[in-house]
Amino acid sequence: MNLSSGSAGHRWNFFRTGGLDQVSLTTAADLLALDQLDQKLWVALSCPVKGLELDEKTLALIDTDNDGHIRVPEVLAAVKWAAARLRDPADLLRGTDPIPLAAINDTTPEGKILIASARQILLSLDRADAGAVTVAEAADASKILAAKPPIGDGIITLAASDDPGVQALIKDIIATIGGTPMHTGAIGVTAEQIEKFFTEIADYSAWVEKSAAQNVAVLGAETEAAVHALKPVRPKIDDFFGRCRLAAFDARAIAALNRSETEYLAIAAKDLNITAGEVSGFPLARIEANRPLPLRDGVNPAWSPLIAEFVVKTITPILGAGKHELSEAEWQAISTRLAPYEAWLGSKPASAVEKLPLDRVRAILQDKARAGLDALIVRDRELGPQFRGISDVERLARYHRDLRTLLHNFVNFADFYSSDRWATFQAGTLYLDSRSSEFCVRVDAALPLAAMGKMYIAYVACTRAGAKPITLAACFTQGDSDYLFVGRHGIFYDRAGNDWYAVITSIVENPISLRQAFWSPYKKFVRMLDEMAAKRAAAADAASNDRLGKVADKAVTATANAAATQAVLASTPTPPPAPPRKIDVGVVAALGVAVGAIGGALATVGAKLADVHLWQYPLIVLGVMLAISLPAVIIAFLKLRQRTLGPILDANGWAINGRVKINIPFGTTLTQRAMLPAGSHLSRTDPYEDKAAKRRRREIFILVVLIGLIVLAWTLRHKGYYTRVREFIGLPTTQVTNTAPAVR
């Protein structure tokens, strides 16, 4: 049928399969107008790159933002790119490999480069006379090209040069600035990273030279250590001398400046962990007017380790050894002397190259390795068109082979509903319980969302020697679930034909078929009887064992006391015999009422059946069966109509837009039951058949037939059919006369 999507300039064709209206992609015009198709009419809006039965390298090329998912804009971009480089864009809908050189559009600059690159690939493979390039050949050419860097991809690796200086420089850039991976996995550097490295190393070198020019390292090599020891204690020392100045201003402030006694009492009331900072907020030392800072005794315990380091690395190199206290003037002198170095440290540029030793930094700036690296960059840029051309040949070959499959599993689901193709998400075939299910989807784990699809799902763990285990969501759409349970084993064959050991790990219960629903009440009744019989047998066995144990105990006791018991019985007079037990009239009456009620019910049913015509008996049986099975069938029918693929794929990373239904006729094609081949012969002679059971079944069948014949004969006679039959065959009939006296 033809339906308009509302897109201007193109009339779309749609087809209906399984109750789903899908756009038909058959012409080049359909592909070129794909960006005009309303996205509400796309079956899928996103799919994962991994876990599909489609070349992941092709999907990675389409996934331009490298987020692991392919979306509508990326599909449109891939179609547009490939269509612009082919003479007939409809070639993309054929999905063939190799791609003929004649199919490439040579009227555009891009097409001319592609053809030249394709011929170069064929020449490198000694197939210059071939007129087509396969995906494998294009991929091999890229590998051959990558083996002789630089290749024109903008990345310079260690293999691009034999010069040890250039190789050492590349290693330094990767270690500091970072590297860029090639498509082969090798790590290299780009022109931008090289430029950034040398800019930062020049800035770092200039900053280091500034220290020497301004002579800020007043302590030489020990200056940096002195400054680092000063920084953590500076705020606390400034606080101490500020408090001492305030105490000199007004002695009344001394008590408050030293903190109150209650604060010390609060700390003393608990376990004191000085290193944890209970007193780190207290003054550095006891506050007095114009008091120098003690450097050993009387220092706040929380700060004593840092003060000791400050004394060794800062005070001693500047003021000399043996200092026990520090005046405010000496403190100001130390701060002033180290201030230029601190300012110089503050101007240090943020750079990753400071990881390198200073002598290596100076060697890099004086070495000629930069020139060799720049020459490689120039050579790489010259090879850029060749690399892009060969890469584009592989890309076009992949699109020529795989875009058709992607479109028919994304824009529409034609492959899924096809009778001769598999969808990209169908992983293979699971053989289990005399059935084969082709509806197997790879999943990471069992997810609750998949249950919304109303499918009977068996999650199966598959293992194979030398391969990573996989998990499948296997959907059963035909047969029953009587012998599907957790722990059941089967064999899974993937799309490549490899066999996997499969075991069911969990199950999502839903109806499988109407046939299963029809017989399910009877099966449940039989299972209930089996369970009741098993429970009663177990209870009887337990009771029997209990009685046996009690009897054994009593026997042992009786044997031990036999002599004494016999003597007691001999000396005791014989009691008179007990009167016979009278029959309980109430019990007899109750039994009579029950038997009468049952007999009355049976008589009523028999009378009603006697009034029914012969042809109505099958209808009665059918009505009883429908009354039992029809509710289950209706519920199953409603659920089977709601079966959809969307939740299963959504749980696996897809974004399904259309309602991909799995109706009853289509479901029967996804799961195949065991059937004998056409023309085969079945011998029904079973040497191990249970003869007794077969005989019992035959006897029951004969008994049922006899009862049926008796009922039929009685019905025929009761309805007068018996007399009619005798009249029809010419036999005399007996007339029954009424001998009762006439009523006057």
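Residue numbers (the working numbering): 510 to 1253. All C-beta atoms in this analysis are idealised placements derived from N, C-alpha and C, irrespective of residue type, glycine included.
Test item: CB-CB of residue i and residue j under 8 Å
i: residue 1155; j: residue 1165; result: yes
i: residue 1022; j: residue 1141; result: no
i: residue 939; j: residue 928; result: no
i: residue 969; j: residue 983; result: yes
i: residue 861; j: residue 1160; result: no
i: residue 749; j: residue 793; result: yes
i: residue 975; j: residue 672; result: no
i: residue 954; j: residue 980; result: yes
i: residue 905; j: residue 997; result: no
i: residue 554; j: residue 580; result: yes
i: residue 710; j: residue 546; result: no
i: residue 801; j: residue 834; result: yes
i: residue 706; j: residue 689; result: no
i: residue 943; j: residue 1193; result: no
Beta-carbon contacts of residue i that lie in its chain and below 8 Å, excluding the five residues immediately before and after
i: residue 538; result: 519
i: residue 715; result: none
i: residue 877; result: 674
i: residue 621; result: 615
i: residue 812; result: 742, 745, 789, 793
Contacting residues, own chain, Cβ-Cβ under 6 Å from residue i (five flanking each side not counted)
i: residue 785; result: In this prediction, residue 785 scores a pLDDT of 48, lower than 50, which makes its location untrustworthy; no coordinate-derived value is stated.
i: residue 965; result: 985, 1019, 1021
i: residue 648; result: 903
i: residue 1162; result: 557
i: residue 542; result: 519
i: residue 909; result: 608
Nearest candidate by alpha-carbon position, reference residue i, set the options
i: residue 753; options: 837, 1161, 1021, 850; result: 837
i: residue 992; options: 964, 1032, 958; result: 1032
i: residue 901; options: 551, 611, 626, 584; result: 626
i: residue 1008; options: 966, 1196, 936; result: 936
i: residue 989; options: 1024, 980, 697, 628; result: 1024
i: residue 1152; options: 1199, 878, 961; result: 961
i: residue 898; options: 831, 619, 748; result: 619
i: residue 536; options: 584, 597, 585; result: 597
i: residue 805; options: 789, 920, 832; result: 832
i: residue 595; options: 615, 580, 583; result: 615
i: residue 879; options: 1137, 1127, 676, 562; result: 676
i: residue 926; options: 799, 1174, 1026, 725; result: 1174
i: residue 1145; options: 1185, 1170, 1200, 1026; result: 1026
i: residue 797; options: 575, 807, 773, 813; result: 807
i: residue 540; options: 565, 602, 552, 948; result: 602
i: residue 683; options: 865, 1149, 1147; result: 865
i: residue 623; options: 999, 641, 634, 636; result: 641
i: residue 661; options: 678, 826, 896; result: 896
Exposed unless 16 or more other CB atoms sit within 10 angstroms - verdict on residue i
i: residue 737; result: exposed
i: residue 521; result: buried
i: residue 646; result: buried
i: residue 525; result: exposed
i: residue 548; result: exposed
i: residue 751; result: exposed
i: residue 1197; result: exposed
i: residue 1015; result: exposed
i: residue 918; result: buried
i: residue 887; result: exposed
i: residue 670; result: buried
i: residue 567; result: buried
i: residue 841; result: exposed
i: residue 1210; result: exposed
i: residue 920; result: buried
i: residue 528; result: exposed
i: residue 638; result: exposed
Contacts around residue i, its chain only, beta-carbon distance under 7 Å, and the 5 residues preceding and following it disregarded
i: residue 739; result: 819, 823, 847
i: residue 1005; result: none
i: residue 757; result: 798, 799
i: residue 544; result: 585
Neighbour flag for residue i against chain E, beta carbons, 8 Å
i: residue 565; result: Among the protein chains of the structure shown there is no chain E, as only one such chain exists.
Cβ pair count under 8 Å reaching 3, the stretch 572 to 591 against the stretch 605 to 613: no
Contact between the stretch 693 to 708 and the stretch 661 to 673 (3+ Cβ pairs under 8 Å): yes
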